[in-house]
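Trainee:
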Amino acid sequence: PDTDWQTWFCSVCGSRAPGENDPTRMFVPAGTITSGGDALKVIHHIWVGSKAVWDEIGDSGQQHAERFRG
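Residue numbers (our numbering): 9 to 78.
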């Protein structure tokens, strides 16, 4: 809602593929990162207001009840 973001999928396997959100931002599905992942850090969790009650977030990433407006 309230965005013009799109999503793309691989025509061979159906996995999500990286794409452009807008002229200044891109999204990269975490599952497509094959090297350097050990240097990454989660800094935001979005939509935590609707997460399962048994789901525990165990890191220091900032939690947002809905989408991130940064």
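Cβ atoms here follow ideal geometry from the backbone N, Cα and C, with glycine treated the same way.
All values reported here derive from a predicted model rather than from experimental measurement.
Once DSSP output is grouped into helix, strand and coil, what is the label at Gly27?
Mentor: Here residue 27 refers to the residue found at position 19 of the sequence shown. Gly27 falls in the strand class under three-state DSSP.
Trainee: Out of Ile51, Ser68, Asp67, Trp62, which one is the CA nearest neighbour of Phe76?
Mentor: For the purposes of this step, residue 76 is taken as residue 68 along the sequence shown, with counting starting at 1. Per the Cα distances, Ile51.
Trainee: Using the C-alpha atoms, what's the distance from Gly66 back to Cys21?
Mentor: In the sequence shown, the residue the question calls residue 21 occupies position 13. In the sequence shown, the residue the question calls residue 66 occupies position 58. Using only the alpha carbons, I get a separation of about 31 Å.
Trainee: Identify, in the order they occur along the chain, each residue of the same chain with its Cβ nearer than 8 Å to the Cβ of Trp55, setting aside the five sequence neighbours on each side.
Mentor: By 1-based counting over the sequence shown, the position of residue 55 is 47. Answer for Trp55: His72, Ala73, Glu74, Arg75, listed in chain order.
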